[in-house]
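Q: The structure under discussion is supplied below as structure tokens; questions concerning it will follow.
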Amino acid sequence: QPSSGSSIHEVYQAGESVEYYSRTSGKWLPGQIKGIHSSTETDFPTYEVLVGMKKQLRVDVELGLLRHVFLAGHPVSVYSGQKKTWQEGDIEAVQNSAPSLFGYRVKTFGRQADMPPTFLRARFPKDTPVEVYTGKSTGWISGVVVEESAWKMEAAATVTEVAQSTSLKSFAASRTSASLSSDEPGEVPGPGEAEIWVEVAVQLGQERPEGMPEMLLQLVLCVVLFMAVL
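Listed below in structure tokens is the structure:
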């Protein structure tokens with residue numbers, strides 16, 4: 007969440023509930039931030055995370071393997087196993103107990119469904135105000151989504167590419183020209199695959215739109231709701 011009054015800006019806070027992507031199982035699992043690592047080698051933090059019911063400790067977890075829990079009203083993409091595609095949906099106000107473990111209650115195409123976390127991903131509709139994480143030293147800046155997915159629902163990054171990237175913002179910028187100019191249809195990745203992030207085109211001030219991996223974005227509405235809970 008956006009922070010102020012500090013020289014170090016974090017994406018997650020100690021004690022915060024998150025979801026952790028397991029490379030082994032190909033699933034999103036419930037987790038909790040135990041601690042924060044502040045390495046001088048990169049401007050993007052890594053975290054200690056307690057994962058699953060057994061609270062197994064994972065260290066040096068990069069941003070590419072973490073995401074915020076979904077809050078009520080959050081726009082999401084829902085994977086349809088029948089149609090083999092991602093469809094628009096929204097997180098319902100009334101949720102199941104421990105949705106990161108037992109599944110989220112989602113409304114899609116006028117119907118309610120309970121979906122496991124792995125069948126959901128964040129959705130950022132066009133013209134949505136967002137906060138973009140630019141690093142520990144520069145923190146969060148405001149932007150507006152100009153295109154929901156620069157790759158039209160294709161994945162912009164694999165877990166391995168994100169893990170090896172020393173600067174996620176530089177990584178995103180390097181993919182922008184290719185993603186915005188690509189009109190070739192591709193196979194839409196389903197849940198449980200390595201390609202878990204979609205690139206979103208965001209307008210930052212007067213600069214030209216940049217393609218940003220979803221992991222660096224946060225809806226302004228969700229930021230406000232989180233701060234209200236705290």
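In the working numbering, the protein residues as written are 7 to 236.
Positions of the beta carbon are idealized from the N, C-alpha and C atoms, including for glycine.
Treat the numbers as computed from the prediction; the structure is a model and nothing was measured.
(1) Using C-beta distances below 8 Å, list every residue in its chain close to Asn102, excluding the 5 sequence neighbours before and after it, in chain order.
(2) Is Met218 helix, strand or coil by DSSP?
(3) Please report the distance separating the alpha-carbon of Phe76 from that of Ile97.
(4) Under the three-state reduction of DSSP, which class applies to Leu210: helix, strand or coil?
(5) Can you tell me which of the three DSSP states Gly41 falls into?
(6) So Thr206 and Met218 are in contact, right, with Cβ under 8 Å, and what is the actual spacing, rounded?
(7) Applying the 10 Å Cβ sphere with the 16-neighbour rule, what's the burial state of Thr30?
(8) Let me know if Gly145 comes out buried or exposed under the rule of 16 or more other beta-carbons within 10 Å of its beta-carbon.
(9) So is Ala184 buried or exposed if we call it buried at 16+ other beta carbons inside 10 Å?
(10) When DSSP labels each residue in this structure, what does Val150 get in the three-state scheme?
(11) What is the DSSP secondary structure of Gly70, reduced to helix, strand or coil?
(12) Does the distance from the CB of Pro215 to the CB of Glu153 come in under 9 Å?
(13) Do His15 and Gly141 have their C-beta atoms within less than 9 Å of each other?
(14) Once DSSP output is grouped into helix, strand and coil, what is the label at Ser106?
(15) Could you name each continuous alpha helix (DSSP H) segment of 4 residues or more that falls completely within the segment 82-127, going from the start of the chain to the end?
(16) Can you tell me whether DSSP reads Val57 as helix, strand or coil?
(17) Comparing alpha-carbon positions, which option in Leu210, Thr124, Phe130 lies nearest Lys33?
(18) From Ser13, Pro135, Gly149, Glu22, pick the residue whose C-alpha is nearest to that of Val55; which is it?
A: Working from what's here:
(1) Hits under 8 Å: Phe108, Gly109, Tyr110, Arg111, Asp120.
(2) Met218: strand per DSSP, three-state reduction.
(3) Their Cα atoms are separated by approximately 7 Å.
(4) Leu210 falls in the coil class under three-state DSSP.
(5) It is a strand residue.
(6) First, the residue type needs correcting, since residue 206 is Val and not Thr in the sequence shown. Confirmed, Cβ separation roughly 6 Å.
(7) Burial check for Thr30: the Cβ neighbour count within 10 Å stays below 16, so the residue is exposed.
(8) Buried is the label assigned to Gly145, since at least 16 other Cβ atoms lie within 10 Å of its Cβ.
(9) With a pLDDT of 36 at Ala184, under the threshold of 50, the modelled position of that residue is not reliable, and the figure given next carries that caveat. The residue is exposed, with fewer than 16 neighbouring Cβ atoms inside 10 Å.
(10) If DSSP states are grouped into helix, strand and coil, Val150 belongs with the strands.
(11) Under the three-state reduction of DSSP output, Gly70 falls in the helix class.
(12) In this structure, Pro215 sits near Glu153, with a CB-CB distance shorter than 9 Å.
(13) Their beta carbons are under 9 Å apart, which means His15 touches Gly141 by this criterion.
(14) The three-state secondary structure of Ser106, taken from DSSP, is helix.
(15) Counting only unbroken stretches of 4 or more residues, the alpha helix (DSSP H) elements lying wholly within the segment 82-127 are 105-108, in sequence order.
(16) Look at Val57 here: in three-state DSSP terms it is strand.
(17) Considering only Leu210, Thr124, Phe130, the residue with the shortest C-alpha distance to Lys33 is Thr124.
(18) With distances taken between Cα atoms, Val55 lies closest to Glu22.
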